[in-house]
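Below is one structure, written out as structure tokens; the observations come after it.
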Amino acid sequence: MSEVFISYAHADDLPFAEDTPGWVTALADRLEKSLMMRRGGSRVAVWMDHRLEPEKQVDGALRDRVRRAECFVAVLSPRYLESPWCRKELDAFIAHAGEQGERVFLLEMSPTSREEWPRGIRNLSARKFWAQGFDDPTAMPLGWPVADPAQDRPYWRALNELSHFVSARLQAAGAVTRDDDARCVWIADPTDHVLESWERLAGALRQQGYTVRPSAPGEYPTAREDDYRAALEADLTAADTFVQLLGPHPGRRPSWSELPYTMLQAAAARATSTNRSQAFSLWRSPDVQLGTITNPEYAQLLTGAAAGGLEDFQRHVLSRLAPKPFVDTLSRPIAAPESATMGALSICVSADGPDRELGQRVRDVLFTLGADVSLTPEPAPDQPPAQWRQDYETILGASHGVVIIYGSTPPSWVQAQVQAARKLLARTRRGVWGALLDGPPGGQPDHGVRSHNVVLLDCRNGVAPEPLKLFLDTLRSGGTEASAAHA
9 MSEVFISYAH ADDLPFAEDT PGWVTALADR LEKSLMMRRG GSRVAVWMDH RLEPEKQVDG
69 ALRDRVRRAE CFVAVLSPRY LESPWCRKEL DAFIAHAGEQ GERVFLLEMS PTSREEWPRG
129 IRNLSARKFW AQGFDDPTAM PLGWPVADPA QDRPYWRALN ELSHFVSARL QAAGAVTRDD
189 DARCVWIADP TDHVLESWER LAGALRQQGY TVRPSAPGEY PTAREDDYRA ALEADLTAAD
249 TFVQLLGPHP GRRPSWSELP YTMLQAAAAR ATSTNRSQAF SLWRSPDVQL GTITNPEYAQ
309 LLTGAAAGGL EDFQRHVLSR LAPKPFVDTL SRPIAAPESA TMGALSICVS ADGPDRELGQ
369 RVRDVLFTLG ADVSLTPEPA PDQPPAQWRQ DYETILGASH GVVIIYGSTP PSWVQAQVQA
429 ARKLLARTRR GVWGALLDGP PGGQPDHGVR SHNVVLLDCR NGVAPEPLKL FLDTLRSGGT
489 EASAAHA
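The numbering of the sequence shown is my numbering, which starts it at 9 and goes up by one.
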């Protein structure tokens, strides 16, 4: 029988009603039940000492129980850190386990300072079991005081993740792979709006065996600029790929900078990824409306971010980390442009107002095919035309190709887009650099475009991946794919 030892402060397990268990007791019970559902779970027991702290003694019997445990789960909180009994339990396990930090699992019930942690666990990651809203800065444990199976999804997700890693450790039983050997993914410290998305993505990556840095949101020191940048740079240096999740607001900014943390992190990650030719993938929440963003720098950052479901983006990130990149399963290596060999193709989707929804569907299909996609932004009501044009040309000029949507928009708009794209892309791209997507509703007049640099994609019966994949294959081949039909 394998045993999981729960170390906690008694004050954190006080029940709020006579007929309900304390928060830690309920957690221990649910963890054991979750472990029982996994392979070998019938031989696992979760144990915690229910004696009050004044009655506790780290005596020989308890010390033997700590040493006998295969895994040690510490429920961190301010009360835990000030408890001498909890410290003795932790010290006893670490003294026995030695360097096997994989056997210690840190569960943070409420915010704590890493500087106050015992030295033996400061290099370990903690799984956050608390939440803090933008409108309510007071942190609260997940599922507090009693977890609701229907409502408290973050609690159950965090519990499932903890169960997964404890089970993996129990199954390894002495053949543990250290986190130091795992590939590392940096996910930018999120704003409150995308906090749950951060947790979901980080959990999925960890379950695939990847290390995530920072280990939890809000981990970077923010009081001094030097400390913040040093911690950020350390994580970026250790990472194999870089990810940032964006919401409709740039979030807070430090007292020592005019830029919010979101922009500071993006700039640092962009510089590191460029210097090391590593991928930097950005995703924006589906509820972001580009036309409502008033901060021009943040609007530009959002414009370059992929839109769509988080699950699709998660698959995209995992494909970047796979031994064989996802794009290699679609086509042969990219011949030109040269910059495309460094990562996914960057595609601009140009759609006028009447075809905006069609453009969004095309964008999402291209993203699932492995491309980084930007849908041209709609002009804001108070935005000068020259500013919008400059933003549009910045997006287009940084792309490997463009897909121009022709559905309900007039042919004159389509022709103008082709000429604008030619002006920017033909100078640096040979062969095919554009696609004209002839979409629904069908029956529209001839667009009037004939070009050796623009392929025609027939999607009048609906957007399908095959024509768009053909366009991507053509770009990857250097714009010379013979099977591409020209407009």
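Built from N, CA and C at the ideal position, the CB exists for glycine as well. In this text, all values refer to a predicted model and were calculated from it rather than measured experimentally.
So residue i and residue j are in contact, right, with Cβ under 8 Å, and what is the actual spacing, rounded?
| i | j | result |
| --- | --- | --- |
| Asp372 | Gly447 | In fact, because the Cβ distance is near 14 Å, the residues do not count as touching under 8 Å. |
| Ile412 | Thr311 | Rounded, the Cβ-Cβ distance is 17 Å, inconsistent with contact. |
| Glu386 | Gly361 | 7 Å |
| Met117 | Trp138 | 6 Å |
| Leu115 | Ala134 | 7 Å |
| Trp355 | Ala379 | The question names Trp, but residue 355 in the sequence shown is Ile. Yes, Ile355 and Ala379 are in contact; Cβ-Cβ is about 5 Å, under 8 Å. |
| Arg261 | Tyr269 | 7 Å |
| Ser358 | Thr384 | 5 Å |
| Trp31 | Pro149 | 6 Å |
| Val422 | Ser459 | Not quite, the Cβ-Cβ distance comes to about 11 Å (not below 8 Å), so this is no contact. |
| Met44 | Ser50 | 6 Å |
| Gly442 | Leu433 | 7 Å |
| Leu353 | Pro473 | 15 Å between Cβ atoms; not a contact. |
| Val83 | Ser10 | The pair is not a contact, with the Cβ atoms about 20 Å apart (cut-off 8 Å). |
| Pro153 | Glu207 | With a Cβ gap of about 21 Å, Pro153 and Glu207 do not count as contacting. |
| Thr280 | Leu244 | 5 Å |
| Val52 | Ala36 | At roughly 12 Å, the Cβ-Cβ gap does not stay under 8 Å, so Val52 and Ala36 are not in contact. |
Report yes if the C-beta distance between residue i and residue j is below 9 Å; otherwise report no.
| i | j | result |
| --- | --- | --- |
| Glu415 | Gln368 | Correcting the residue type first, residue 415 is Gly in the shown sequence and not Glu. No; because the gap between Cβ atoms is not below 9 Å, this pair is not in contact. |
| Ala155 | Arg38 | yes |
| Val12 | Val81 | yes |
| Arg87 | Ala19 | yes |
| Met271 | Pro256 | no |
| Leu483 | Leu445 | no |
| Arg438 | Gly486 | yes |
| Tyr218 | Arg191 | yes |
| Arg47 | Gln216 | no |
| Gly151 | Ala17 | no |
| Asp399 | Gln297 | no |
| Thr417 | Asp454 | no |
| Val457 | Phe479 | no |
| Leu70 | Ser205 | no |
| Gln322 | Ala212 | yes |
| Glu233 | Ser265 | yes |
| Val325 | Leu209 | yes |
| Phe375 | Ala314 | yes |
| Gly128 | Leu98 | yes |
| Gly450 | Arg430 | no |
Using three-state DSSP, classify residue i as helix, strand or coil.
| i | result |
| --- | --- |
| Ala134 | strand |
| Ser327 | helix |
| Ile129 | helix |
| Gln179 | helix |
| Trp31 | helix |
| Ile301 | coil |
| Val370 | helix |
| Ala53 | strand |
| Ser347 | Low confidence applies here, because Ser347 scores a pLDDT of 41, under 50, leaving its location unreliable; read the following figure in that light. If DSSP states are grouped into helix, strand and coil, Ser347 belongs with the helices. |
| Met148 | strand |
| Arg71 | helix |
| Asp21 | helix |
| Ala139 | strand |
| Ser289 | strand |
| Val296 | coil |
| Val12 | strand |
| Gly409 | strand |
| Ser382 | strand |
| Ala276 | helix |
| Leu114 | strand |
| Ser354 | strand |
| Ala155 | coil |
| Arg186 | Low local confidence applies: a pLDDT of 40 at Arg186 is under 50, so the model's placement there is unreliable, and no value is given. |
| Glu26 | coil |
| Ala82 | strand |
| Ala166 | helix |
| Ala100 | helix |
| Ala6 | Beyond the ends of the chain as shown, which are 9 and 495, falls residue 6; an answer cannot be given. |
Fill in: Segment contact flag, the segment 234-249 with the segment 292-299, C-beta cutoff 8 Å, min 3 pairs
no
Item to complete: Taking 8 Å as the threshold, find out whether the segment 251-258 comes into contact with the segment 192-202 through three or more Cβ pairs.
Response: The segment 251-258 makes contact with the segment 192-202, as at least three CB pairs between them are under 8 Å.
Practice prompt. Within the segment 413-494, note down every full beta strand (DSSP E) run reaching 3 residues or more, in order along the chain.
Written response: 442-446, 462-466
Item to complete: Tell me the start and end of each unbroken alpha helix (DSSP H) in the segment 215-269 that is at least 4 residues and wholly inside, in chain order.
Response: 233-246
Discussion item. Closer than 8 Å is the cut-off here; do at least three beta carbon pairs connect the segment 223-236 with the segment 161-175?
Written reply: no
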